[in-house]
């Protein structure tokens, strides 16, 4: 269904954020519009938002410059002014496809920012239907949350 790609699921204060992740010409990813914001308790709605975003793919965009950095579109949806305010209550999950497999990898907090938690990540063969992999991602994210986003 999908080529190689990279997507995010972010849970924050009862909401689930699913931004479109664009690949820059330099090769890194940035969040752009459109994105989806759904009630984190709406598991089916969250799964549908992820599937729509995955089908949209990772559009190619110009690399932002230091003089004109890309703006995080999630801030306006969360009604906060800074990325640090957003991140304070956010839990993030990476969903990617590469080298014939899907990868579900949670992020863990560090003193400054987050890093991928490969110990809790998993690889799933690409032959698995993407809908089933997305269901697994959503279930894991909601179960591991421990109620922190609600």
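Numbering (my numbering), first residue to last: -16 to 133. C-beta: ideal position from N, C-alpha, C; glycine also.
Residue range 84 to 92 is occupied by the beta strand (DSSP E) that includes residue 92. For the pair residue 102 and residue 88, the Cα-to-Cα distance works out to about 9 Å.
As DSSP reads the structure, residue 6 sits in a beta bridge with 12 and 43. For residue 124, the CB contacts under 7 Å within the same chain, skipping 5 residues up- and downstream, are -8, -6 and 76 in chain order. Only residues of its own chain outside the window of five on either side were considered, and among them -1, 21 and 121 have a CB closer than 6 Å to the CB of residue 29, listed in chain order. When DSSP states are grouped into helix, strand and coil, residue 69 belongs to the helix group. A check of alpha carbon separations from residue 43 across 109, 16 and -4 identifies 16 as the nearest. Annotation for residue 98: the continuous beta strand (DSSP E) segment containing it runs 97 to 99. In summary, residue 10 is exposed, with fewer than 16 beta-carbon neighbours lying within 10 Å of its beta-carbon over all protein chains present. In the structure shown, the three-state DSSP call for residue -5 is strand. In the DSSP assignment, residue 106 falls outside any alpha helix (DSSP H) and lies within the beta strand (DSSP E) extending over 105 to 108.
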